[in-house]
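*Asks:*
Residue numbers (this note's numbering): -10 to 114.
#1: With DSSP run on the structure shown, which of helix, strand or coil describes residue 63?
#2: When you compare the region 23 to 34 with the region 83 to 95, are there three or more beta-carbon pairs, one atom per stretch, that lie closer than 8 Å?
#3: Sorted by chain position, which residues of the same chain lie with C-beta nearer than 7 Å to residue 24's C-beta, five sequence neighbours on each side aside?
#4: Measure the alpha-carbon distance for residue 68 versus residue 41 and round it to whole angstroms.
#5: Verify whether the separation of the beta carbon atoms of residue 76 and residue 15 is less than 7 Å.
#6: Would you mind sorting residue 20 into buried or exposed? The rule is 16 or more other CB atoms within 10 Å of its CB.
#7: Whose C-beta lies closer than 7 Å to the C-beta of residue 38 among residues of the same chain, with five residues either side of it excluded?
#8: Tell me where the beta strand (DSSP E) around residue 109 begins and ends.
#9: Locate the beta strand (DSSP E) running through residue 46, then write down its first and last residues.
And the structure:
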């Protein structure tokens, strides 16, 4: 069966491998669990890392007008077929290569109607 998300991810990663971008190796960082013990001390949860491919670009005009916009925010696209599982705005994204390498905090997130990518706004964190 034809998988459009995988097809588009294969094309994007092939072009990126040939020309050095725009989709760079990255990983999504999520933390789950955690809470307070009976003595009131914080017990950290577990951290999970999931590989993906990400493009970072200038924010759109719609993102600029949205809640919580800050100068320095950037737009990112995560190829859905390169990420195992789901994504929410509690995640962080670590770009491992490219001009925007480093950790980014996700401040907004949407999914395109065709399910090809996650689009979000983030800032260095």
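Backbone N, C-alpha and C fix where the C-beta goes; we use that ideal spot for every residue, glycine too.
*Replies:* Here's the rundown:
#1: In the displayed model, residue 63 falls within a strand according to three-state DSSP.
#2: Between the region 23 to 34 and the region 83 to 95 there are fewer than three C-beta pairs closer than 8 Å, too few to call the two in contact.
#3: Cβ neighbours of residue 24 beyond the five flanking positions: 32.
#4: Their backbone Cα atoms lie some 7 Å apart in a straight line.
#5: With a cutoff of 7 Å on beta-carbon distance, residue 76 and residue 15 are scored as not near each other.
#6: Under this definition residue 20 is an exposed residue.
#7: Result list for residue 38: 16, 18, in chain order.
#8: Run containing residue 109: 106 to 113, per the beta strand (DSSP E) assignment.
#9: Secondary structure note for residue 46: its beta strand (DSSP E) is the uninterrupted segment 35 to 47.
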